[in-house]
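S.K.: Have a look at this one.
Number of protein chains: 2
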Amino acid sequence: MSSKNRLIYLPLGGAGEIGMNAYVYGYGPKDKERFILVDIGVTFPDMDGSPGVDLIFADIAWLEERKDRLDAIFITHAHEDHVGAVGHLWDRLEAPVYARPFTAYHATRKMEEQGAPADQVIIASPWPAMIDAGPFKVSFMPLAHSIPESSGLVIDTPEGRIVHTGDFKMDETPLVGEAFDPVMWADIAKDGIKALVCDSTNVFSQHAGKSEASVGPEITKLVGESKGMVVATTFASNVARVKTLADAGVAAGRSVCLLGRSMRRMVEAGHATGVLKDFPKTISPEDARELPRENLMLLVTGSQGERRAASAQLARGKYLGLTMKEGDLFLFSSKTIPGNERGVIKIINSFSEKGVDVVDDRAGIYHVSGHANRPDLELAHEIMNPDLVIPMHGEHRHLREHVKVAMSHGRSAVLAVNGTMIDITRGGAIVDSIQTGRTYLDGSVQIGAMDGVVRDRIRMALNGHVLVTMIIDENNEPLGEPWVELKGLAETGRSNAPLQDVLEADLGQLINRTGKKTLRDDDALEEALRRETRRSANNEVGHKPEVTVVISRLA
Amino acid sequence: MSSKNRLIYLPLGGAGEIGMNAYVYGYGPKDKERFILVDIGVTFPDMDGSPGVDLIFADIAWLEERKDRLDAIFITHAHEDHVGAVGHLWDRLEAPVYARPFTAYHATRKMEEQGAPADQVIIASPWPAMIDAGPFKVSFMPLAHSIPESSGLVIDTPEGRIVHTGDFKMDETPLVGEAFDPVMWADIAKDGIKALVCDSTNVFSQHAGKSEASVGPEITKLVGESKGMVVATTFASNVARVKTLADAGVAAGRSVCLLGRSMRRMVEAGHATGVLKDFPKTISPEDARELPRENLMLLVTGSQGERRAASAQLARGKYLGLTMKEGDLFLFSSKTIPGNERGVIKIINSFSEKGVDVVDDRAGIYHVSGHANRPDLELAHEIMNPDLVIPMHGEHRHLREHVKVAMSHGRSAVLAVNGTMIDITRGGAIVDSIQTGRTYLDGSVQIGAMDGVVRDRIRMALNGHVLVTMIIDENNEPLGEPWVELKGLAETGRSNAPLQDVLEADLGQLINRTGKKTLRDDDALEEALRRETRRSANNEVGHKPEVTVVISRLA
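First to last, the protein sequences are chains A and B.
For the first sequence, the positions run 1 to 555 when the numbering used here is used.
For the second sequence, the positions run 556 to 1110 when the numbering used here is used.
See the structure below:
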C-alpha cells in the first residue's frame, strides 16, 4: 500500500478511565481515513462531580463530524461501559452495529428504547468469520470475561493485523461462554500482530487470575450450611455467576427466585440467545412468599449498593412482599467498585440492624474478577507477540503500569489516553491530539460536561441559592425594596434575626445609596445586588451563595 | 448504695458509625443522675449526604438540657472524631474539659479558635491519678493508638469500675507514646470490672495487629532505594509515623521538609508537650527548593485525597514552589478511609501523568492500623474480664460482630447504638431511648441535619432550580407575563427552543386561563405556577426542577 496511508488508533473514551469505552480505528490517507468504532459505552455519574446526571457518554463530536467515513461499529460485549450508549448516540453516527448474539440482544433493546433503528444491529459469527468494513476485515474472537460471549476483535488492515482484546481474562473453565483457547490464539497470532490493544484493568494484580469455576464449591458450601433464607447478589450480567448461585441453591434443596429487572432480563437473554443452558427452574416472588425461608434462595440486583435495586430495598424493608430476618444470610458475590463503598456499607449496616449475617468477598473465595491479572497479561503479550502494545481500558495509572510491564519484557508499548491519535504504521507515533470530553445525558437531554449546567448545580449544593427581585418604575426609581428568597441556606445567622430580613435590610440600604446611573443600568444594578447579597450572607452565615437577580422594569 | 440509683451509659455519637464520638455516663436516681461526657468529636461531610456542610457534630440537645448536671468532659485523645467539636459545642455544655497534655494542647487551640474559655481545659495526669467528677472518679489509662497519649478511661462509680477504652491497639513498641502495659492492665482489672466499653473498629480483622515498629525498616528500605525526590503522606496526627518517615529520610541522607499546616502543627505539638523527642531537624520549603531533589524528603498532608491538602496540590502542579517529576516517588503511608477512594485515586492518576511512581499500602508493609484487631480485642476482654462488654466506636455491623465475639467466649455483651440508654447496674438493660441525630456546622452556623436546608441543596443539585417572578397590579391583573430564570438546567430541550422561552410561553398561557380568584390568592397562584413549571420542564428536559415563585403585588 501507499506509504501515505496511515493506520490510526484514537480512543475517545476508556483510555485514562474505566468506563465509556469508545475506540476509533482508521485507515487511509490523512484526513481521508475510513473509520470503524469499537464499543460505545457509558460511565455512571456521581454526586461529587455530576449531580442530577443520568448517564455519561464519551464526547463523539469528532467522529460525528466524520460520520460519512464511518463504516461500522463493533461491540465487544454487553457490559454497559461498552454497549450502554449505542441507543443514545446511534443517530449521531448512523453506521451498522455488529455484535455477537448475546450482545446484539442487548444492543437491539437499547436501540429500540431510544427509537433508533434496531435493524442496524447485525449479528456476527465468531472467528474465523470475517466482516468487511471499509479497508478493514474484522472478526470476533471469543474470550472469557464476566459476561457471556465477550469477544476480542481481530482487525485485519492493509498494514497488518491488530488484536483489540476488549475485556478478557485467561479462564479455561468460565462455566458459561467460551474458555481461553490457546490454539485459536496461536492461530490468530501466527502471521504476526502489528498491535495488541489490551485491557489494563487488573495490571496491578500480581497473581494469576482465578477461574470462575473456583467459586462454585465455596458458594455451594456456604449455602448448604445456611439455616435461614439465603439472598445473594452479583452483577446480573455475570450470567455464569448467577447460574453458580442458582445451582448452589438447588443443591441445598432451595427454590430459586430472581429479583430485580436486570436479573430477570439477563437470564432471559441467556436463554433467548442460547448461551445459558440448564439454568434451574425459578419461582415467582408470589410463590417465594409462601415458602418456608429455609427453602428459599433469592438472587437479587444491587451488588454496588444502588439505592433502588432489590438489595437496597430488602435492606430498608421489604421487596415484593419478601423480607429478611435474624438468621438469614446475605452474600455479596461481587467486588465493590471504588466509589461505591458508601452505598454498600450502608446496606450491610441495615442488614446488621435486622440481624442478617452478611458475607462479602473479604475472604476472596466468593468472587473472582473478569479481567486478566498481570501474569495473564504477560501471557497474552507472549502469545500474541505484537510489534506494539497499546494499553487501554484503564485509568492513567493502569495504562502507565501496563506500558512498564510490556517494556520490562523488551516490547514496544505506547501510552495513549483519550484524544491521543497514534499512527500504528509509524510505531505508534503520536500524530494528533483531539479534543475529547464527556457528554451528559441529563434527564432527556444531552449536554456537554463543560456547559456550566452541572457546575451551577454543584455551586448551589455547596453554597445555597439566593433570589433577589426588585421592581424599578418608569422613572428609574425603585418601587419598594429588593425582595429576597432563600433556598439551601440556614434560616438564621449570627445576628439571630432571620437571614432573609438581614439580607433585605442590607440590600435596601444599598439601594438607598445607589445612584441614578446604576439604577438605569441592569447589569450594574444586578452586579451590585449580587455582591452585597454575597457579602451580607457570608457575614451572617458563612456562605457566599449563588445569587440570581431579577429586575423588573415597569415600562 | 441505694438500689434506686442507676448507672447509665448513653452514646450520643460514635455507636452506629465511625465518627463524632460522644458518650454520656450518668449515676444517681432516675432523672437526677450526675453526668460526665467522654469525647466530643466531629465527623466529616460528603457531597452525597451533606453538601456545603463544614463539619458534623452529634446532636447534644439532650445533654444541653441537663447541663446543670454535667460535671466534666473527658477527651481520650486528639483525633478530630474525639476532640473536634469541643470548641464549637463547649458553650452549650459549660463543663471543665480534662485531657492529657498532647490532647489538651489541641483542645486548648480549638477552644481559642471558637472563642470558648481555654482555661476550662485542664491537664490530667495518667493512671493512677484520679479526677473527681460528681459521683465518678476518673483516671486516664495510657494506651497505644495512632496518636500520642491516647488514653482509655478508668471510671470508678459507686457501683464498680468501668473501663472505657477509647481508641486503642495492643502495641508493645509504638515508638512514640506509651506501649501496651500488661501490668497496668492487670492492676486496673484486679478488683473486677463492671463494664468494658470497647473500641470495635477492627473487629473484622482476623489477625493480631502489627506494631508501629514494623513499618520503619520497610519505609527505610524504600526511601533508601529511591533515586529522585521522595514525598510521603500519612495522618499528621500519627506523630510516630511522621517520625519514622523523617528518620528514614535522614538515614538516606535526605533533608526533611514538612508541608501542610497540620503536619507542622502536629510536630510542633509533639515538641511542645514533650511527647516527641529526637525528631530530625527540618528545613523550610524555601531551602528545599534549592536542594537537589535526590537529597530531599517531603512529608505532606492529604493522605485521604483532600482537595486542598499539600498532596493534592503537588499532584495538580506545585506547592510552595516545589514540584514532582518523572522518577520521583510518592508514598501513601496510610489507609484510605472508605468513601475517600475517589479523591485518592484522582491524586494517584495525576502523579501517574507526571511519571511519578506511587507506592500505597497495597502490600500491607508501609502502614499499620491504630486499632485493635479481633484477637487483640479478645485479649483485652480476657485481661479485663468484665461483667459486661459494651462495644462502641463502630458502625452497626462492627458493634454486632463485637457482641458476637464477646458472646462466643461466654461473656455478656450489649449492643447499644446512639440514643440507647442502658443501665449498667441492671446488666445493660435498655432503660430509655433518646432522640439523637446530627448537627451541621454550615459556614458559621449550627443547623439540624433534618432542618431541610441541606435537603433543598441536594434537590437543587439533582434537578436544578427555576425562579419564576411575576407582577400583579392594583386590580389583581397580571402586569406582563411571568418571567423565568434558570440555574442548573439544560438551556435547550426537546423542542430545540430555549428552555426559558418554552417555560415562559407555557406559564403565560397558564396565566391567560387563570381565574380572578386564583390571581388574588398568592398561595394558589404560586402553586399553579410551580406545578406548570415542573410539568413543562420535565416535558422539555426530563427534570422536575425545584421552583421558587416570587409574586410582586403593586399595592
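From the three backbone atoms N, C-alpha and C, an ideal C-beta is built for every residue, glycine too.
Is the CB of B/E613 under 7 Å away from at least one CB in chain A?
M.R.: First, the residue type needs correcting, since residue 613 of chain B is Ala and not Glu in the sequence shown. No, no contact with chain A.
S.K.: Taking the straight line between their C-alpha atoms, what separation do you get for A/S2 and A/E401?
M.R.: For A/S2, the pLDDT reaches just 48, beneath the cut-off of 50, and the residue's location in the model is therefore unreliable, although a value from the coordinates is still provided. Distance between the alpha carbons of A/S2 and A/E401 is about 35 Å.
S.K.: Hey, is B/R1012's beta-carbon within less than 7 Å of any beta-carbon in chain A?
M.R.: Yes, B/R1012 counts as interfacial toward chain A.
S.K.: Which residue marks the beginning of the alpha helix (DSSP H) containing A/V502, and which one marks its end?
M.R.: Per DSSP, A/V502 belongs to the alpha helix (DSSP H) from 499-512.
S.K.: Consult DSSP for B/M556 and reduce its assignment to one of helix, strand or coil.
M.R.: Here B/M556 scores only 45 on pLDDT, less than 50, and its place in the model should not be relied on; the value that follows carries that caveat. Residue state, collapsed to three classes: coil.
S.K.: By how many angstroms is the C-alpha of A/V453 removed from the C-alpha of B/L1054?
M.R.: Near 13 Å, if we compare the C-alpha coordinates of A/V453 and B/L1054.
S.K.: In terms of residue numbering, what span does the alpha helix (DSSP H) encompassing B/D1077 cover?
M.R.: Here the alpha helix (DSSP H) through B/D1077 covers 1077-1096.
S.K.: Does A/F204 come out as helix, strand or coil in the three-state DSSP assignment?
M.R.: In this structure, A/F204 counts as coil in the three-state DSSP scheme.
S.K.: The alpha helix (DSSP H) spanning A/Y105 covers which residue range?
M.R.: Run containing A/Y105: 101-113, per the alpha helix (DSSP H) assignment.
S.K.: Can the beta-carbon of B/G596 be found less than 7 Å from the beta-carbon of B/N576?
M.R.: In this structure, B/N576 lies closer than 7 Å to B/G596 by Cβ.
S.K.: Taking only beta-carbon positions, decide if A/D442 is within less than 7 Å of chain B.
M.R.: Yes, its Cβ sits closer than 7 Å to a Cβ of chain B.
S.K.: Using the DSSP secondary-structure output, state which residues sit across from B/L996 in a beta bridge.
M.R.: Answer is B/L610, B/Q1001.
S.K.: According to DSSP, is A/M47 helix, strand or coil?
M.R.: The answer is coil: DSSP assigns A/M47 none of H, G, I, E or B.
S.K.: On a Cα-Cα basis, can you pick out the residue from B/I1106, B/T1069, B/R929, B/D594 that is closest to B/E1081?
M.R.: Closest by alpha carbon: B/I1106.
S.K.: Which residues, in chain order, does the segment 1073-1100 of chain B contribute to contact with chain A at a C-beta distance below 7 Å?
M.R.: Of all residues in the segment 1073-1100 of chain B, V1096, G1097, H1098 have a Cβ within less than 7 Å of some Cβ in chain A.
S.K.: Can you pull out the residues from the segment 348-361 of chain A whose beta carbon lies closer than 9 Å to at least one beta carbon of chain B?
M.R.: So the list reads I348, N349, S350, F351, S352, E353, G355, V358, given in the order they occur along the chain.
S.K.: A/Y9 and A/A416 look like a contact to me (Cβ under 8 Å); what is the Cβ gap, rounded to whole Å?
M.R.: At roughly 7 Å, the Cβ-Cβ gap stays under 8 Å, so A/Y9 and A/A416 are in contact.
S.K.: Drop a sphere of 10 angstroms on the beta-carbon of A/P29, count the other beta-carbons inside from all chains shown, and report buried for 16 or more, exposed for fewer.
M.R.: Exposed.
S.K.: With 7 Å as the limit, tell me which residues of the segment 36-57 of chain A have their beta carbon closer than that to any beta carbon of chain B; keep them in chain order.
M.R.: The residues in question are M47, D48, P51, G52.
S.K.: Across which residues does DSSP place A/N373 in a beta bridge pair?
M.R.: Bridge partners of A/N373: A/N202.
S.K.: In its own chain, which residues sit with a C-beta less than 6 Å from the C-beta of A/D54, not counting the 5 before and 5 after it?
M.R.: Cβ neighbours of A/D54 beyond the five flanking positions: L441.
S.K.: Would A/P182 be called buried (16 or more neighbouring beta carbons within 10 Å of its own) or exposed?
M.R.: Flag for A/P182 reads exposed.
S.K.: Based on DSSP bridge pairs, tell me the residues matched to B/W1038.
M.R.: DSSP output for B/W1038 lists B/T1024 as bridge partner(s).
S.K.: How about A/T439 and A/D81: do their beta carbons lie closer than 7 Å?
M.R.: Contact: no.
S.K.: Run through DSSP, which three-state label would A/A85 get?
M.R.: The answer is coil: DSSP assigns A/A85 none of H, G, I, E or B.
S.K.: Please list, in chain order, all residues of the same chain as A/G160 whose beta carbon is under 7 Å from its beta carbon, the five residues on each side excluded.
M.R.: The answer, listed in chain order, is G192, K194.
S.K.: Is it the case that the Cβ atoms of A/M297 and A/V230 are separated by a distance below 7 Å?
M.R.: Yes, Cβ-Cβ distance for A/M297 and A/V230 is below 7 Å.
S.K.: If you count every other CB in all the chains shown that lies within 10 Å of the CB of B/S701, and 16 or more means buried, which is it?
M.R.: When all chains shown are included, B/S701 counts as buried.
S.K.: So if DSSP puts A/I559 in a beta bridge, which residue, or which two residues, is it bridged to?
M.R.: The structure shown has nothing for residue 559 of chain A, since chain A only spans 1 to 555.
S.K.: So, helix, strand or coil for A/K318, using DSSP?
M.R.: Reduced to three states, the DSSP call for A/K318 is strand.
S.K.: Name the one or two DSSP bridge partners that A/A22 has.
M.R.: A/G13, per the DSSP bridge assignment.
S.K.: To the nearest angstrom, how far is the alpha carbon of A/T233 from that of A/L259?
M.R.: The straight-line gap from Cα to Cα measures roughly 10 Å.
S.K.: Compare the C-beta of B/K890 with all C-beta atoms of chain A and state if any pair is closer than 7 Å.
M.R.: Not closer than 7 Å to any Cβ of chain A, the Cβ of B/K890 fails to qualify, so no.
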